[in-house]
Amino acid sequence: MAGGIALVVALAWSAWLVTDVLRARAALQDVASTLPAVQEHVRTGRDAGAAIDDVRRSARVAASATHGPHWTVARALPFVGDDARALGEATGAVDRVAQDALPRLADAVTVASPSALAPTAGAVDLGPLRAARDDVVAADRAVVTSYETVARIDTSTLVSPLAAAVDDLREQLGGVAAQTATAARAVQLVPPMLGADGVRDYLVLVQNNAEPRATGGIAGSVLHLRAESGAVELVEVRPGSALGAFPESVVDLSGSEAALFGDDLGRYMLNVTSTPDFPRAARVAREAWLRQTGAEVDGVVAVDPVALAGVLGGVGPVEVATPGGGTLRLTTQDAAAYLLHGVYVDHADPAEQDAVLALVAREVLGSLTTGEGDAAALVDALARSARDGRLLVWSARAAEQDLLAGTVLSGELEGRRTDPAGGPTSPVVGVYLNATTASKTGYYLDSTVAVDDVTCRPDGSQAFTVHVTLASTLTRAEASELPEYVLGAGGDGTIRTNLLVYAPRGGGIRGASTGEGEPGLFAQVHDGLVVGARSVELALGESATYEYEVVSGKNQRGSVSVRKTPGARNETTALPAVGCGTGVFS
1 MAGGIALVVA LAWSAWLVTD VLRARAALQD VASTLPAVQE HVRTGRDAGA AIDDVRRSAR
61 VAASATHGPH WTVARALPFV GDDARALGEA TGAVDRVAQD ALPRLADAVT VASPSALAPT
121 AGAVDLGPLR AARDDVVAAD RAVVTSYETV ARIDTSTLVS PLAAAVDDLR EQLGGVAAQT
181 ATAARAVQLV PPMLGADGVR DYLVLVQNNA EPRATGGIAG SVLHLRAESG AVELVEVRPG
241 SALGAFPESV VDLSGSEAAL FGDDLGRYML NVTSTPDFPR AARVAREAWL RQTGAEVDGV
301 VAVDPVALAG VLGGVGPVEV ATPGGGTLRL TTQDAAAYLL HGVYVDHADP AEQDAVLALV
361 AREVLGSLTT GEGDAAALVD ALARSARDGR LLVWSARAAE QDLLAGTVLS GELEGRRTDP
421 AGGPTSPVVG VYLNATTASK TGYYLDSTVA VDDVTCRPDG SQAFTVHVTL ASTLTRAEAS
481 ELPEYVLGAG GDGTIRTNLL VYAPRGGGIR GASTGEGEPG LFAQVHDGLV VGARSVELAL
541 GESATYEYEV VSGKNQRGSV SVRKTPGARN ETTALPAVGC GTGVFS
């Protein structure tokens, strides 16, 4: 009799547990499927209340379904204990996000939406952003903590349906964590950087990709902006060519900087962007400005014509009076091509070319202060420019720079990317270009990068092959119509550039292909990163592909990513995800 009763109890307990497992799994799947809607509402500034309520209900069901005396027993049993503990950790983490973090985030969405950040009467209202700061920062911390809890769950030991649910949840929570991290940085950075606590002065380097430099192009124009209480005004514009040459570098250069970039890095404002380390470029630019004008600035921003064209997609076309007395109208479709090529056909005088670039940049940046246009489209355009390395920001204030560090805006020379939410560290390869002749043929230079043949090593490092292809799209017929100023020395349209490939932090370049008669790589170590440099010459219509055998540092198991010099066209720099992933070795 006792045995029969025990069997009945065991069966009842099992049925109870299985029922709750199915409820919890279904609820977690509901949460994972609803989180993208929450993200989209937050991104666009729409009311996320209804979607968040759905997440909260599903999260509460999942949490309640994984608690009780039967779960206490299950967690102590062999075979099912791992699954029971993992499910409890996942549901608890999700419930904490749903009940605490998401409501805080929803309350803050309205004050941080694109429309709320649009200027009114020439200024951004910073008060609501400052008021939302604590809630947004607290929400971010809660989301990151919960994501870390879920990320630590080893799904390889779980039954397949549960493992799939946890993996999906991890991915969606990771997306939310990335979003809340951005929001938390924004509410801490935007008010002070726009002058909430006093006047701020900034330099804006307008890079010209037609003459490539590592971060994009020469600093063709330099704008001095002043921000106070959310209002931004243009103080003055100077051509980059007017800032230098200095008798000697305005900063002390390291041996590797002198070898890779020459002392022009610190003697000409045009060339501060020769280094791919944007914080370094910004500090050099700040010092050059101080030497030339006697005025200190609080930060440096870099943009390029492709980024400016993107802004026009949000604010609409601009018109400027050209030095020749005409009127130039530019749209989001044609602005980049004109500023990187057309202006050199229309204006033979370099001073006029610089003036047109400065006038357009001033007009585009000025349009940002009007509050007119499509705010959401503008935010999307700026976000894309940041992802593609066309919008970079540096602050002279250490606390603000710490918040910028690690973001797509920072342009750091780091060589690896650490997941702030606890995911695997990813190796970063750098591929940068520095033109070696004074020409504007960079408009005709295409660069592509591919990564393959990944080998995962027991120490967590990765070995892989990087393929870099450089191609001249300039034809003989086109070259015959171009002025010498565009074609450069020799006037034959040959594109000459230095190609610099940076290995990930702690890694190296084990080998590289060279053409017949070509010298090997010029090797350097720049800020702790191994660099392989070579000079490349491309005749009209010629292309060349170079292969590099690269190894990353230890414990860099994430997907390999590439940071490269942004070109003259609106190309994406994103690559298909390749890499070992956590726990994969050979």
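For the sequence shown, position 201 (counting from the first letter as 1) is numbered 201 according to UniProt numbering, and the numbering increases by one without interruption. In this text, a Cβ means the ideal position worked out from N, Cα and C, and glycines have one as well.
In this structure, DSSP gives Y147 a helical state, which the three-state scheme calls helix. Distances from the CA of V428 to each of T437, L413, N434, G442 were compared; the closest alpha carbon is that of L413. Rounded to whole angstroms, the separation of the alpha carbons of A355 and S559 is 43 Å. Residue environment: Q207 is assigned as buried (16 or more neighbouring CB atoms within 10 Å of its CB, all protein chains considered).
Between the stretch 120 to 140 and the stretch 86 to 95, the count of Cβ pairs shorter than 8 Å is below three; the stretches do not touch. In the DSSP assignment, V38 forms no beta bridge with any residue. Using a 10 angstroms sphere on the CB of E248, the tally of other CB atoms stays under 16, which defines it as exposed.
Apart from sequence neighbours up to five positions away, the residues of its chain that approach V320 with a beta-carbon distance below 7 Å are L328, L359, V360, E363, ordered along the chain. As the crow flies, the alpha-carbon of A471 is around 25 Å from that of P504.
The straight-line gap separating the alpha-carbon atoms of F278 and D30 is approximately 43 Å. Separation of N555 and G511 (C-alpha to C-alpha, rounded to the nearest whole angstrom) is 22 Å. If you look at S367, you'll find it in the alpha helix (DSSP H) that goes 350 to 367. Between the C-alpha atoms of V204 and L225 there is a straight-line separation of about 7 Å. Of the candidates Y344, I153, G366, M193, the residue whose Cα lies closest to the Cα of E228 is M193. Here T494 is buried: its Cβ has 16 or more other Cβ atoms, across all protein chains shown, within 10 Å. Residue state for I495 is assigned as strand, using DSSP reduced to three classes.
Closest by C-alpha distance to G217, out of V190, A183, P276, is P276. By the criterion of at least three beta-carbon pairs nearer than 8 Å, the stretch 262 to 269 is in contact with the stretch 240 to 247.
The C-alpha of P191 lies about 49 Å from the C-alpha of G541. Ranked by Cα distance from L529, the options G313, Y546, L500, R141 are led by L500. Collapsing the DSSP output to three states places A196 in coil. Using a Cβ distance threshold of 9 Å, G314 and V272 do not count as a contacting pair. Take the alpha-carbon of A489 and the one of A138: they are about 58 Å apart.
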